[in-house]
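Asker: To convert, count from 1 in the sequence shown and add 164; that's this note's numbering.
Virtual Cβ for every residue (Gly too), placed ideally from N, Cα, C.
Remember, predicted model here, so these are calculated numbers, not experimental data.
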Amino acid sequence: MSECWHILGAGAIGGLCSARLAAAGAEISLICRSESSLQQFAGNALILREQDGSESHWGPPNLRLELPSSTAPIERLLVATKAHQAVPALAAVSQRLTPDSDLLLLVNGMGVAEQIQQRWPGLHLYCGTTTEGAWRPTAGVIQHAGKGTTRIGRWQLGGPAPSWFSHWQNSALQASWEENIEHVLWQKLSINCVINPLSALHDCPNGGLLERPELRRQLPGLCREVERVSQAAGMPTPEEGVLALVESVIRNTARNISSMLQDRRAGQATEIDYINGYFCQQAEQLGIDVPLHRALLAKARSVLQATN
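Right under this line is the structure:
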């Protein structure tokens with residue numbers, strides 16, 4: 165079996181995973197969406213800058229750059245795009261997939277896996293989430309901003325880890341295998357649907373949600389609604405409660421700028437529909453009224469779309 169990973173998404177997380185997997189011995193083909201984006205990589209190499217200032221350069225033969233139009237078949241594909249870009253990006257390379265292709269989806273929010281499963285039902289679909297911190301100062305350069313953990317599992321089917329998971333275990337991504345990845349993704353959604361829109365709307369780092377009284381007062385009601393929907397959906401909730409979990413994450417990431425706020429500041433489309441939109445959709449399907457989240461979603465859509 166080939167040890168090659170194709171990676172869709174040459175941004176911060178896609179680039180970080182490319183370098184970490186290459187260091188673990190996998191062959192990497194990083195798919196750039198256009199010729200112009202490919203040309204932005206100096207010398208066709210990816211540069212990873214560590215927190216201590218050291219650098220590693222990744223190019224052929226360990227890491228190759230290619231376009232979606234390449235004809236090489238794809239056996240294992242990591243999708244690390246923005247949530248709203250995942251399906252169009254996958255469609256651009258779908259002709260290269262085989263009946264045995266494995267796809268690992270590593271995006272923020274939820275709802276994309278269902279879209280992929282419906283459109284490409286034959287794919288072996290896996291999902292993951294990571295707390296690794298990274299950003300891209302320039303094209304082709306990835307700055308590692310903080311160590312985290314990466315959790316991966318097979319979507320809806322569970323089961324033991326496939327053989328390719330060894331690439332992740334042997335990397336510096338601190339990867340663990342999850343029998344029920346849906347529960348893991350839901351917990352992350354529960355946190356993000358509170359922190360992300362509030363921080364983006366009020367243009368503040370995560371810590372501002374506890375420091376500013378008018379924002380801190382909104383947290384208990386939003387978290388109670390999350391608990392009600394989680395219970396109705398059969399999703400586990402933390403023993404200490406969602407509010408305690410959210411406040412703990414805020415304290416531990418006080419200086420962090422949420423991905424939604426980063427997108428707002430950059431004038432880019434946010435993942436609001438795959439975070440808050442998905443949560444409110446699930447609540448409606450379960451017959452749970454979430455007026456606070458519906459109001460937050462409406463305001464976020466109005467303000468964030470106006471800034472794109």
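Could you name the residues that DSSP lists as bridge partners for I171?
Answerer: Sequence index remark: in the sequence shown, residue 171 carries index 7 (1-based). DSSP lists L194, L242 as partners of I171.
Asker: May I have the straight-line CA-CA distance separating G323 from W350, to the nearest angstrom?
Answerer: One-based indexing of the sequence shown puts residue 323 at position 159. One-based indexing of the sequence shown puts residue 350 at position 186. Roughly 19 Å separates the two Cα atoms.
Asker: Which residues in the same chain have their Cβ closer than 6 Å to the Cβ of E278, if we skip the five residues on either side of it in sequence?
Answerer: In the sequence shown, residue 278 corresponds to position 114, counting from 1. Hits under 6 Å: none found.
Asker: Kindly identify the DSSP beta-bridge partner or partners of G310.
Answerer: Mapped onto the sequence shown, residue 310 falls at position 146. Beta-bridge pairing links G310 to G297.
Asker: Which same chain residues, not among the five before or five after T417, have their C-beta less than 6 Å away from its C-beta?
Answerer: Position 253 of the sequence shown, counted from the first residue, corresponds to residue 417. The answer, listed in chain order, is N370.
Asker: Please determine if the segment 176-194 and the segment 291-307 are in contact, where contact requires at least 3 C-beta pairs separated by less than 8 Å.
Answerer: Yes, since at least three Cβ pairs between the segment 176-194 and the segment 291-307 fall closer than 8 Å, the two stretches touch.
Asker: Out of I238, D437, S220, which one is the CA nearest neighbour of A308?
Answerer: By 1-based counting over the sequence shown, the position of residue 308 is 144. For the sequence presented, residue 308 should be read as His rather than Ala. The candidate whose alpha carbon is nearest that of H308 is S220.
Asker: Give the straight-line distance between the Cα atoms of S335 and S363, rounded to the nearest whole angstrom.
Answerer: As a first step, residue 335 is located in the sequence shown; it is residue number 171 there, counting from the start. As a first step, residue 363 is located in the sequence shown; it is residue number 199 there, counting from the start. Cα to Cα, S335 sits roughly 32 Å from S363.
Asker: Bridge partners of T302, per DSSP?
Answerer: Along the sequence shown, read from residue 1 onward, the residue named residue 302 stands at position 138. Answer by DSSP bridge pairing, in chain order: V305.
Asker: Of all the options H248, S466, D266, S182, which has the alpha carbon lying nearest to the alpha carbon of I211?
Answerer: To locate residue 211, count along the sequence shown from 1; it is residue 47. Considering only alpha carbons, the answer is S182.
Asker: By DSSP, does G317 sit in helix, in strand, or in coil?
Answerer: On the sequence shown, position 153 is the one that residue 317 refers to. Reduced to three states, the DSSP call for G317 is strand.
Asker: Would you call H170 buried or exposed, if buried means 16 or more other Cβ atoms sit within 10 Å of its Cβ?
Answerer: Indexing the sequence shown from 1 puts residue 170 at position 6. That one is buried.
Asker: Give me the residue from S233, A188, Q215 with the minimum Cα distance to C196.
Answerer: Position 32 of the sequence shown, counting from 1, holds the residue named residue 196. Of the listed residues, the one whose Cα sits closest to C196 is S233.
Asker: Are Q408 and L450 touching if we call contact CB-CB under 8 Å?
Answerer: Working through the sequence shown from its first residue, we reach residue 408 at position 244. Working through the sequence shown from its first residue, we reach residue 450 at position 286. Looking at the sequence provided, one finds Ala at residue 408 rather than Gln. No; because the gap between Cβ atoms is not below 8 Å, this pair is not in contact.
Asker: Note the first and the last residue of the continuous alpha helix (DSSP H) segment covering P252.
Answerer: Numbered from 1 along the sequence shown, position 88 holds the residue referred to as residue 252. 250-257 is the span of the alpha helix (DSSP H), which, as asked, contains P252.
Asker: Using 10 angstroms around the beta-carbon of A464, count the other beta-carbons present and answer buried if the total reaches 16, otherwise exposed.
Answerer: Position 300 of the sequence shown, counting from 1, holds the residue named residue 464. With 16 or more Cβ atoms within 10 Å of its Cβ, A464 is classed as buried.
Asker: At the level of alpha carbons, what is the spacing between L289 and A244?
Answerer: Within the sequence shown, numbered from 1, the residue matching residue 289 stands at position 125. Within the sequence shown, numbered from 1, the residue matching residue 244 stands at position 80. Cα to Cα, the separation comes out at about 14 Å.
Asker: For R392 versus I452, is the C-beta distance shorter than 8 Å?
Answerer: What you label residue 392 is simply residue 228 of the sequence shown in a count that begins at 1. What you label residue 452 is simply residue 288 of the sequence shown in a count that begins at 1. Against a cut-off of 8 Å, the Cβ pair of I452 and R392 comes out as a contact.
Asker: With DSSP as the reference, please indicate the residues paired to L349 in a beta bridge.
Answerer: For the purposes of this step, residue 349 is identified with residue 185 of the sequence shown, where counting begins at 1. Its beta-bridge partners do not exist; DSSP assigns none.
Asker: I'd like to confirm the pairing. Which residues does DSSP put opposite I280 in its beta bridges?
Answerer: Locating residue 280 in the sequence shown gives position 116, where the first residue counts as 1. DSSP output for I280 lists no bridge partner at all.
Asker: Does the segment 382-390 come into contact with the segment 400-407, if we say contact requires no fewer than three beta-carbon pairs (one atom in each stretch) closer than 8 Å?
Answerer: A contact exists between the segment 382-390 and the segment 400-407.
Asker: Leaving aside the five residues before and after L374 along the sequence, list all residues of the same chain whose C-beta is less than 6 Å from its C-beta, in chain order.
Answerer: Your numbering for residue 374 matches position 210 in the sequence shown. Correct list, in chain order: R380, I414.
Asker: Could you please give the first and the last residue of the uninterrupted alpha helix (DSSP H) stretch that includes A396?
Answerer: On the sequence shown, residue 396 is found 232 positions in, with the first residue counted as 1. Its alpha helix (DSSP H) spans residues 383-396.
Asker: Smallest Cα separation from N272: which of L456, A433, S423?
Answerer: As a position in the sequence shown, residue 272 is number 108, starting the count at 1. The option with the nearest alpha carbon to N272 is S423.
Asker: Using alpha carbons as the reference points, say which of E342, Q445, K311 lies closest to L321.
Answerer: For the purposes of this step, residue 321 is taken as the residue at position 157 of the sequence shown. Considering only alpha carbons, the answer is E342.
Asker: Please list, in chain order, all residues of the same chain as A190 whose beta carbon is under 6 Å from its beta carbon, the five residues on each side excluded.
Answerer: Here the question's residue 190 lines up with position 26 in the sequence shown. Cβ neighbours of A190 beyond the five flanking positions: E167, W169, H331.
Asker: Return the CA-CA distance between I436 and E230, expressed in angstroms with no decimal places.
Answerer: The residue given as residue 436 occupies position 272 in the sequence shown. The residue given as residue 230 occupies position 66 in the sequence shown. Looking at the two C-alpha atoms, the distance is approximately 30 Å.
Asker: Should E214 be labelled buried (16 or more other beta-carbon atoms within 10 Å of its own) or exposed?
Answerer: To locate residue 214, count along the sequence shown from 1; it is residue 50. Answer is exposed; the Cβ neighbour count stays below 16.
Asker: Going by beta-carbon coordinates alone, are D227 and I192 separated by less than 8 Å?
Answerer: One-based indexing of the sequence shown puts residue 227 at position 63. One-based indexing of the sequence shown puts residue 192 at position 28. Note that residue 227 corresponds to Leu in the displayed sequence, not to Asp. Their beta carbons are under 8 Å apart, which means L227 touches I192 by this criterion.
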